[in-house]
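In this note's numbering, the protein residues as written are 1107 to 1337.
All C-beta atoms, glycine included, are put in the ideal place defined by N, C-alpha and C.
None of the values given here were measured: they were computed from a predicted structure.
Take a look at the structure set out below.
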Ligand code: 13P
């Protein structure tokens, strides 16, 4: 299987910067590459032929849900999938296991790909609850050939702290014992640590935040993925 690298731009890059990025970026042959821009830049990011995912998607087809976007609307734009349940949505916007599951289920049903995020907080890891948290978060998801899970330990997101390859491997093996799906690692992935993380047997790719905003660092991570996909 090709190693999948997804760049989550979070709330960075409006349309002009998205165009600039896509003009300068060429996905290396061999890796599967996805970018996840903010809604406002989806169309521009697609203009260069890149596979584009949204950062969230609602479960209803339409309705009085201010600020939300439906799977049908994303499909109409040509978007291929969406992230759901990102820890920043869970932390700041009240997303729960239940809403994550509803978003994932509807998006898959509609024909989108889904990257469903799971991961423990620092306090949960310190209390030795990582396994329970992952079991609970994964239990609401059902296997699907377009479903990918992203293991993103919350304490490693945007902090520069990365899970050790062994920690990532252990969490990925647990997730895969619960659900048949590829599992991406996310949390301070950079060109310098991509190889050791992506070389773990149950790490199928990466969900990259900060390092996906820069063409050179994102390219370097994608090149590592392409090399490992061939080996
Ligand atoms: P960083 O790579 O900036 O730590 O972010 C990870 C992430 O949240 C990707 O979804």
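Secondary structure at residue i, three-state DSSP: helix, strand or coil?
| i | result |
| --- | --- |
| residue 1287 | coil |
Return yes when at least one heavy atom of ligand 1 lies under 7 Å from the C-beta of residue i, else no.
| i | result |
| --- | --- |
| residue 1269 | no |
| residue 1317 | yes |
| residue 1263 | yes |
| residue 1304 | no |
| residue 1294 | yes |
| residue 1258 | yes |
| residue 1162 | no |
| residue 1299 | no |
What's the C-alpha gap between residue i and residue j?
| i | j | result |
| --- | --- | --- |
| residue 1322 | residue 1137 | 16 Å |
| residue 1288 | residue 1157 | 18 Å |
| residue 1331 | residue 1304 | 7 Å |
| residue 1307 | residue 1337 | 13 Å |
| residue 1115 | residue 1329 | 19 Å |
| residue 1172 | residue 1111 | 31 Å |
| residue 1118 | residue 1144 | 7 Å |
| residue 1129 | residue 1122 | 11 Å |
| residue 1153 | residue 1124 | 10 Å |
| residue 1127 | residue 1142 | 12 Å |
| residue 1184 | residue 1146 | 14 Å |
Where do the N-terminal and C-terminal ends of the beta strand (DSSP E) with residue i fall, by residue?
| i | result |
| --- | --- |
| residue 1138 | 1138 to 1142 |
| residue 1319 | Taken as a continuous stretch (DSSP letters only), residue 1319 belongs to no beta strand (DSSP E), as it is neither H nor E. |
Return the first residue and the last residue of the alpha helix (DSSP H) that residue i is part of.
| i | result |
| --- | --- |
| residue 1135 | Segment: none, residue 1135 is in no alpha helix (DSSP H) and carries neither H nor E. |
| residue 1112 | That residue, residue 1112, is in no alpha helix (DSSP H); its beta strand (DSSP E) goes 1110 to 1114. |
| residue 1127 | 1121 to 1130 |
| residue 1300 | 1297 to 1304 |
Could you pull out every unbroken beta strand (DSSP E) segment of at least 3 residues lying fully inside the stretch 1151 to 1237, listed in chain order?
As far as the stretch 1151 to 1237 is concerned, its whole beta strand (DSSP E) runs of at least 3 residues are 1157 to 1160, 1187 to 1190, 1219 to 1224.
Start-end ranges of the beta strand (DSSP E) lying completely within the stretch 1234 to 1278, minimum 3 residues
Counting only runs of 3 or more, we get 1253 to 1257.
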